[in-house]
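Data first, discussion second: the structure below is written as structure tokens.
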Amino acid sequence: MAELVGPLRKQLADSLSSCRVLVVGAGGIGCELLKNLVLTGFKNIEVIDLDTIDVSNLNRQFLFQKKHVGKSKAQVAKESVLRFCPSANITAYHDSIMNPDYNVEFFRNFQLVMNALDNRAARNHVNRMCLAADIPLIESGTAGYLGQVTVIKKGQTECYECQPKPTQKTFPGCTIRNTPSEPIHCIVWAKYLFNQLFGEEDADQEVSPDTADPEAAWNPADAAARATASDQDGDIKRVSTKEWARSTGYDPIKLFNKLFKDDIMYLLTMDKLWKKRKAPLPLEWEEINQLGSQEQVIGSGLKDQQVLGVQGYAQLFQHSVETLRSQLKEKGDGAELVWDKDDPPAMDFVTAASNLRMNVFSMNMKSRFDVKSMAGNIIPAIATTNAVIAGLIVLEALKILNSDFEQCRTIFLNKQPNPRKKLLVPCALDPPNASCYVCASKPEVTVKLNVHKTMVQALQDKILKEKFGMVAPDVQIEDGKGTILISSEEGETEANNNKFLSDFGIRNGSHLQADDFLQDYTLLVNVIHSEELEKDVEFEVVGDAPDKAPAPSAPEEGKNIANGNKDSAQPSTSSKAAVEDDDVLLVDSDEEPSSSTMDTESSNRKRKHHDAETDDASSKRKRLDQQPADDDDEDIIALD
Amino acid sequence: MIDTIEKEDTIISEEEAAQYDRQIRLWGLDAQKRLRGSRVLLVGLRGLGAEVAKNLILAGVKGLTLLDHEQVTEESRRAQFLIPVDADGQNHAQASLERAQFLNPMVEVKADTEPVESKPDDFFFQFDAVCLTRCSRDLMVRVDQLCASRNIKVFCGDVYGYNGYMFSDLGQEYHYVEEKPKVVKGSNEANDGPEAKKPKIDPNETTMVKKTISFCSLKEALEVDWTTEKAKSSLKRIPADYFLLQGAVSERCSAQELFLLRRPEGQRGGRLLQLQISGLGRTQSRACGAHPLPVAAGIKICLLDDTFA
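Heads up: the sequence lines are chains S and Z, in that order. Per full-length UniProt numbering: the first sequence ends with 640, consecutive numbering throughout. Per full-length UniProt numbering: the second sequence ends with 309, consecutive numbering throughout.
So this is what it looks like as structure tokens:
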């Protein structure tokens with residue numbers, strides 16, 4: 001009989017004590033995972049997290065206590081673990097895994113990498129690093145009661161990016177600016193407004209009425225004319241919101257009247273918009289205040305769960321503008337505030353502004369609690385889901401280290417038992433997708449865009465970084481001369497940023513070679529020129545499922561929110577017999593079907609992503625170069 | 001009528017609202033209030049007990065009593081994360097107390113060092129829920145029965161290496177609610193957008209559906225007669241572990257003593273399900289339950305994990 005160390009074979013126990021593993025993330029899953037690894041006998045663990053501890057973490061990130069709020073998660077996690085296992089060799093990094101210091105060589109130090117992340121960008125990045133280093137990766141995520149674990153191994157399984165993941169839903173500009181129909185549109189508007197007034201102004205976050213709204217025009221030529229006019233003619237173009245606000249000294253009442261009266265009245269003149277919709281009703285500051293001050297309703301609910309009346313939100317608006325105004329003043333000239341759901345005046349502002357707008361557009365108003373959920377992309381979270389998932393991660397890890405790779409599975413944790421009474425449903429892993437734009441041998445994509453209207457900067461930020469997950473792209477044109485379009489070295493190609501692709505001779509059929517040397521990733525981008533892209537759509541990836549049109553979110557998509565957040569997945573309704581080795585089975589059926597061979601595969605694919613791309617710009621995070629990390633402190637999942 | 005713990009209709013403090021925010025957003029404020037009014041007993045503070053303690057304390061129950069009468073050894077200490085390294089020889093519950101309390105100062109955590117077998121019936125009556133780990137079959141059956149009379153929820157569980165079980169008894173008539181999304185027909189009076197005619201599911205609007213379910217007692221569960229037609233027909237959906245663990249439940253064995261063996265010879269035909277329980281060096285056979293297992297389908301017991309080889 002084999003020698004045992006507890007329930008483990010000695011050989012396995014030995015390899016546990018000598019192997020080195022990397023845990024990416026020290027949050028909900030991370031804390032449970034670190035505890036599990038150490039108690040199982042792993043000795044050499046490195047953990048990295050860029051975040052600091054927040055009070056809302058304490059309901060589940062049990063390695064942290066109230067006194068640790070504000071400190072580095074990775075650091076405190078390490079210290080807490082050492083208290084019950086002083087012999088563990090733990091290295092903690094308070095840093096972003098996307099920092100170029102953590103290159104392929106760094107990853108090669110480990111026998112195994114385990115993700116405990118909450119955002120897509122980092123998952124994509126770690127996926128590529130593990131492919132480049134050829135190290136097995138265990139990917140996982142949770143949202144509410146749901147969770148998922150899977151194993152990624154180069155050449156043997158699908159990588160994280162083999163299957164297209166639904167992108168974060170965005171709303172068309174005219175919906176946000178002119179014709180909101182749901183509270184979420186108003187909330188997105190309010191967040192844009194915050195940035196326009198107090199933060200970094202962004203051309204994609206306009207809040208004023210959109211005169212170029214195609215729906216507003218009585219004939220197409222008219223719309224086109226207006227669009228051109230507002231692009232080019234300074235007279236029609238309004239002065240920037242921030243400049244205007246500054247000129248009034250950020251007077252809350254003037255601001256209120258402009259946003260909720262004047263601009264609304266302007267919208268009313270675009271009468272075509274209101275033929276089939278209920279027209280907005282402008283608000284008047286003086287009128288509202290005559291209604292008297294807001295009654296405090298004492299209930300047994302949370303204070304934040306109360307829905308105020310319009311006068312309450314008007315007061316909140318005034319108060320928060322005044323507070324933010326002084327915050328701005330304190331920071332000095334050229335200062336910008338960054339929106340953070342946990343910063344009370346910032347959250348108050350969005351609550352107030354969005355509710356006032358909801359009121360204008362005759363929608364039922366929402367409590368601060370609900371607005372915070374939507375604005376901050378909060379994913380509800382509890383300790384036990386993370387505990388289960390972290391347990392499963394270790395079980396998969398043991399299989400890998402025991403060279404039992406054939407035993408590895410994707411495992412789903414559901415909310416309700418399936419017809420076979422299982423809450424945990426394992427599925428066989430799928431082989432790599434031969435046309436994956438990341439792990440195929442020569443990845444390539446085709447992108448449709450307008451070469452005369454797409455700037456080099458947009459190619460870099462929106463296409464290569466945001467869409468294709470590169471962190472530091474280098475791009476050259478395959479024009480026989482190898483013209484360098486974008487260099488990842490700072491400053492080298494800055495002059496190109498505001499030029500259009502066509503300025504470099506890029507046209508229909510051109511090829512670009514994009515490299516991210518950190519990720520050891522080369523992507524061939526084939527360009528198709530098109531002048532017929534939908535409004536607000538800058539590019540399309542050929543072969544992607546089309547984005548949902550401006551229509552209201554389809555029922556099963558649930559909370560499709562501009563700033564991210566896929567809602568929690570629905571439990572599997574697949575009638576597919578998932579792999580269950582421990583059932584009392586007919587002796588013949590040893591076969592464990594791969595999920596891809598089942599004709600109910602599609603229902604498996606529909607399993608929702610619990611990708612919580614929350615909107616976060618909290619100053620506690622290290623700022624990443626690219627677009628706002630969109631992270632909540634949540635562990636969200638999402639694989640599929 | 002929903003079978004609930006009395007939720008004190010007090011206001012949740014700002015501190016609680018901030019700390020429990022993420023879970024209130026999942027299970028709602030009412031559920032949090034009920035948790036906040038519950039007193040729970042946890043028996044056994046080894047690996048499993050520590051996990052249960054952590055999860056209950058983080059959830060924010062009113063009080064948790066940690067009960068364990070045994071002393072910490074190096075082995076038992078290394079199985080869990082609440083006991084300090086210098087606590088060998090101390091009582092498990094007492095040694096775990098401080099760090100358990102640190103998990104959430106808002107919960108009243110206590111230690112009790114007496115053996116659970118010696119506790120009188122009324123000891124259990126002070127709790128809303130009782131969690132029993134590493135307990136003998138007889139004790140669990142006794143506690144389950146006396147708790148039933150007071151509508152106290154009972155949860156039993158144990159772990160043997162890679163195997164484990166959990167049993168819950170929420171009573172013969174357990175009332176609960178299920179949250180279902182509300183389908184909104186037609187248009188909101190609010191806003192008649194062009195697509196307003198489609199019924200939408202508003203993700204923020206849900207409706208609570210009342211349900212009732214009946215749990216069997218532990219005694220009944222352990223005394224199922226597998227020779228009946230009804231039992232036979234359900235056999236396909238029952239994992240082999242179930243029978244293994246019945247043996248384990250009857251007599252607590254350590255992980256190293258418990259193995260499942262592959263039975264390669266022809267499985268069809270009636271056969272006593274046999275478990276080999278082997279320690280290091282000695283072997284005993286024991287029939288599982290008292291009944292021969294029926295047979296329409298062969299029953300295969302597999303090696304659960306190669307590490308047992």
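Ideal Cβ positions, reconstructed from N, Cα and C, are used throughout, including at glycine. If you're wondering where the values come from, they're calculated on a predicted model, not measured in any experiment.
*CB V307/S to CB M365/S, shorter than 7 angstroms?*
yes
*Which listed residue (A190/S, V38/S, D54/S, N497/S) has its alpha carbon closest to that of K66/S*: D54/S
*Apart from the five residues on each side of it in sequence, which residues of its chain come closer than 6 angstroms, Cβ to Cβ, to M470/S?*
L464, D516
*With 16 other CB atoms within 10 Å as the buried threshold, where does residue 311/Z fall?*
Residue coverage of chain Z in this structure runs from 1 to 309, which leaves residue 311/Z outside it and unanswerable.
*So who's on the other strand from I152/S, going by DSSP bridges?*
L137/S
*asked:* With the cut-off set at 7 angstroms, would you say S234/Z and D144/Z are in Cβ contact?
replied: no
*Name, in chain order, the residues that DSSP records as bridge partners for G63/Z.*
R39/Z, E108/Z
*M208/Z versus D86/Z: straight-line alpha-carbon distance, rounded*: 50 angstroms
*Quick one, which residues of the region 159 to 181 of chain Z are near chain S if we go by CB-CB under 7 angstroms, in chain order?*
G161, Y162
_Taking 6 angstroms as the cut-off, is the beta-carbon of L37/S closer than that to any non-hydrogen atom of the ligand NAD?_
The ligand NAD is not among the ligands present in this structure, which contains no ligands whatsoever.
*For the region 55 to 72 of chain S, which residues have a CB atom closer than 7 angstroms to at least one CB atom of chain Z, in sequence order?*
V55, S56, L58, N59, R60, F62, Q65
*Expressed to the nearest angstrom, what Euclidean distance is found between the alpha-carbon atoms of K399/S and D14/S?*
14 angstroms
*asked:* Taking only three categories from DSSP, how would you classify C85/S?
replied: coil
*Grab the span of the alpha helix (DSSP H) containing E444/S for me, first residue to last.*
It is not in any alpha helix (DSSP H) - E444/S instead sits in the beta strand (DSSP E) that spans 444 to 449.
_Given this structure, state the Cα-to-Cα distance separating N508/S from K169/S, to the nearest angstrom._
28 angstroms
_Strictly by DSSP, which residues pair up with F171/S?_
DSSP lists no partner for F171/S.
*Please report the Cβ distance between G63/Z and V107/Z, rounded to the nearest whole angstrom; I am assuming they are in contact, meaning their Cβ atoms lie under 8 angstroms.*
7 angstroms
_Closer than 7 angstroms to chain Z by CB, F42/S_ = no
*Can you tell me the Cβ-Cβ gap for Q75/S and A88/S, rounded? I've got them flagged as a contact below 8 angstroms.*
With a Cβ gap of about 15 angstroms, Q75/S and A88/S do not count as contacting.
_At the 7 angstroms Cβ level, is L26/Z part of the contact set with chain S, yes or no?_
yes
*Within 10 angstroms of its Cβ, does E74/Z collect 16 or more other Cβ (buried), or is it exposed?*
exposed
*Return the first residue and the last residue of the beta strand (DSSP E) that I44/S is part of.*
Residue 44/S is actually Asn in this sequence, not Ile. Its beta strand (DSSP E) spans residues 44 to 48.
*Mind listing the chain S neighbours of I12/Z? Cutoff is C-beta to C-beta under 8 angstroms, in chain order.*
L302
*Going straight from the alpha carbon of E200/S to that of A190/S, what length do you get?*
14 angstroms
_For the alpha helix (DSSP H) containing H92/Z, name the first residue and the last one._
92 to 103
*For the region 403 to 429 of chain S, which residues have a CB atom closer than 8 angstroms to at least one CB atom of chain Z, in sequence order?*
D404, R420, K421
*The beta strand (DSSP E) spanning F106/S covers which residue range?*
Unbroken run through F106/S is the alpha helix (DSSP H), 104 to 108; no beta strand (DSSP E).
*Taking the C-alpha atoms as reference points, what is the distance between T351/S and E179/Z?*
26 angstroms
*asked:* On the criterion of 16 or more Cβ atoms from any shown chain inside 10 Å, does L48/Z qualify as buried, or is it exposed?
replied: buried
*Hey, N127/S and V24/S: beta-carbon distance below 7 angstroms or not?*
no
*asked:* For D21/Z and T65/Z, what's the separation of their Cα atoms in angstroms?
replied: 25 angstroms
*Between the region 387 to 396 of chain S and the region 201 to 211 of chain S, do at least 3 Cβ pairs fall closer than 8 angstroms?*
no
*Determine whether the Cβ of K10/S lies closer than 7 angstroms to any Cβ atom of chain Z.*
no
*Would you check if the distance between the CB atom of residue 646/S and the CB atom of L58/Z is smaller than 7 angstroms?*
The shown model of chain S, from 1 to 640, leaves out residue 646/S, and the question about it has no answer.
_Neighbour list for A18/Z in chain S, Cβ cutoff strictly below 7 angstroms_ = V55, S56
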